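Report on the structure given below.
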Amino acid sequence: MSLNFQENDPSLESQWRAIILFGKNSATYKFAFGKILLKLVSKETNTFSLKDISSLFVDSILEHLKRNDKQGNSNSSAFLNACRKYNHGDIDYDNLLNITEKYGFVNVVDAFQNVNGGIIANKFYEKDYNGTNKNIVVRDELLKLKESIQFTNFNEEVEARWNLVETAWNLKINPDLLEVKIDNDLQTLFIESDFMRRKDISSAKASLNGYQKGKCFYSFQDISIKSGDENLCTVDHFFPHVHKIRINESGANVNGVWNLVLSDKFVNLSKSSKIPELKYLERLFTRNEFYIASKHPLGETIVNQTGKTSLDRKRFLQKQYNLSVNLSLQKWKPLVEFAPLF
Numbered sequence: 001m002s003l004n005f006q007e008n009d010p011s012l013e014s015q016w017r018a019i020i021l022f023g024k025n026s027a028t029y030k031f032a033f034g035k036i037l038l039k040l041v042s043k044e045t046n047t048f049s050l051k052d053i054s055s056l057f058v059d060s061i062l063e064h065l066k067r068n069d070k071q072g073n074s075n076s077s078a079f080l081n082a083c084r085k086y087n088h089g090d091i092d093y094d095n096l097l098n099i100t101e102k103y104g105f106v107n108v109v110d111a112f113q114n115v116n117g118g119i120i121a122n123k124f125y126e127k128d129y130n131g132t133n134k135n136i137v138v139r140d141e142l143l144k145l146k147e148s149i150q151f152t153n154f155n156e157e158v159e160a161r162w163n164l165v166e167t168a169w170n171l172k173i174n175p176d177l178l179e180v181k182i183d184n185d186l187q188t189l190f191i192e193s194d195f196m197r198r199k200d201i202s203s204a205k206a207s208l209n210g211y212q213k214g215k216c217f218y219s220f221q222d223i224s225i226k227s228g229d230e231n232l233c234t235v236d237h238f239f240p241h242v243h244k245i246r247i248n249e250s251g252a253n254v255n256g257v258w259n260l261v262l263s264d265k266f267v268n269l270s271k272s273s274k275i276p277e278l279k280y281l282e283r284l285f286t287r288n289e290f291y292i293a294s295k296h297p298l299g300e301t302i303v304n305q306t307g308k309t310s311l312d313r314k315r316f317l318q319k320q321y322n323l324s325v326n327l328s329l330q331k332w333k334p335l336v337e338f339a340p341l342f
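Here full-length UniProt numbering is used: the first residue of the sequence shown is 1, the next is one more, and so on.
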């Protein structure tokens, strides 16, 4: 599915998001390393030793360990154990940095740019290891990524994905029972675990944005997820609330992740309670399939809400569309629409 994600869109932004959203997740080191790379583009040099970046790397891991202890699939990790010891006050920070430099980067440096068993087309860095000198060399591709209007969204997207992955590992909930919900007022995603205890897991906008490639779902204009930005997006319900009762007759949840998209705020105002034209239903299906391929809470939730197989999910969406058409809702499309990227 990550190949489909990049189909007709070989941009650097798409390659970066393919790494974060679809790359292999055996540990969360990838997300900590990704956050480092986003910081390195602002530095005056392009060569960094593992020692140079150890503190940036381990500090992110330490913060996440405080919230969720499981940060990898391995039963034992010298690096994670050292992080736990530091959080418990059993070792000092200098000792932790030495362990980080020795063990923290063992797999992540080689694996980060690998998606679907192969290296991405435009690598963001090179590994320069020569004996005890171990360096990361930033390539022009990463510097060009900073020039993208999407760059300001990437850090929040990485953090949101990290939160989703560790939540899936730590809750140990049967995937068939997993239900990610949205708080419409706070614009956050949450899970109700044992005894209906609520666990907030991520910003809704940051979790949804990467799968839409940072574009308005309808017009493909650039959108932002940063509070205060002029083009700050809104969370929209593809099937509007006006036909919530009719949809609920079919057992569907209009507030489900499957029905949530991000849109430009002015596009959203023009849509109001109208139903998008039929071609956007296929786009919604494709976007949902991106989630399912990500193998974590949002994907599991959409499967539970819309169907176990691809065909089941297509039939589900068509059924919802037919119900909305029967309500005689006015069909709608945006006044301006750029070339679709999925």
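Glycine included, each C-beta is placed from N, C-alpha and C at the ideal position.
A quick note: this is a predicted structure, and the numbers were derived from the prediction, not measured.
Close Cβ partners of residue i (< 8 Å) along its chain, the five nearest in sequence each way excluded
i           : result
Glu166      : Thr28, His64, Arg67, Asn68, Lys70 and Gln71
Asp92       : Tyr86
Arg315      : Gly307
residue 366 : The requested residue 366 does not occur in the structure, where the chain is confined to residues 1 to 342.
Spatial neighbours of residue i in its chain, beta-carbon cut-off 6 Å, leaving aside the 5 residues before and after
i      : result
Lys265 : Thr234
Arg313 : Thr306 and Gly307
Met196 : Residue placement at Met196 is poorly supported in this model, since its pLDDT is 45, which falls under 50; the coordinates are not used for a value here.
Leu232 : Ser224
Lys271 : Trp332
Ala78  : Tyr103
Arg161 : Ile20
His88  : none
Three-way DSSP call (helix, strand, coil) for residue i in this model
i           : result
Ile225      : coil
residue 343 : Here the chain covers residues 1 to 342 and nothing more, so residue 343 does not appear.
Lys146      : helix
residue 412 : An answer regarding residue 412 cannot be provided, because it is not within the stretch 1 to 342 covered by the chain.
Phe5        : helix
Ser219      : coil
Ala252      : coil
Phe48       : strand
Asn153      : helix
Gly72       : strand
Ala27       : strand
Lys331      : strand
Asn268      : helix
Leu341      : coil
Val336      : coil
Glu159      : helix
Val257      : helix
Asn304      : helix
Phe195      : Note that Phe195 has pLDDT 43, beneath the 50 cutoff, so the model's placement of it is unreliable and no number is given.
Lys35       : helix
Asn107      : coil
Asp90       : coil
Lys66       : helix
Glu230      : coil
Lys102      : helix
Gly299      : helix
Terminal residues of the beta strand (DSSP E) in which residue i lies
i      : result
Ile292 : Careful: Ile292 lies outside any beta strand (DSSP E), inside the alpha helix (DSSP H) at Lys279 to Ala293.
Ile136 : Asn133 to Val138
Asp236 : Thr234 to His237
Val261 : Leu260 to Ser263
Ser42  : Here Ser42 belongs to no beta strand (DSSP E), and DSSP marks it neither H nor E.
Endpoints, the alpha helix (DSSP H) within which residue i is located
i      : result
Phe22  : Leu12 to Phe22
Cys83  : Ala78 to Asn87
Ile99  : Tyr93 to Ile99
Asn209 : Ala204 to Asn209
Val325 : Ser310 to Asn326
One or two residues paired with residue i in a DSSP bridge
i           : result
Ile119      : Asn114
residue 344 : A query on residue 344 cannot be resolved here, the shown segment of the chain reaching from 1 to 342 and no further.
Asn130      : Asn133
Ile275      : Lys331
Contacting residues, own chain, Cβ-Cβ under 7 Å from residue i (five flanking each side not counted)
i      : result
Trp16  : Leu145 and Phe154
Lys205 : Gln187, Ile225, Cys233, Val235 and Leu262
Three or more C-beta pairs below 8 Å linking the region 87 to 100 and the region 119 to 139: no
task = Could you tell me whether the region 148 to 155 touches the region 274 to 288, where touching means 3 or more Cβ pairs closer than 8 Å?
result = no
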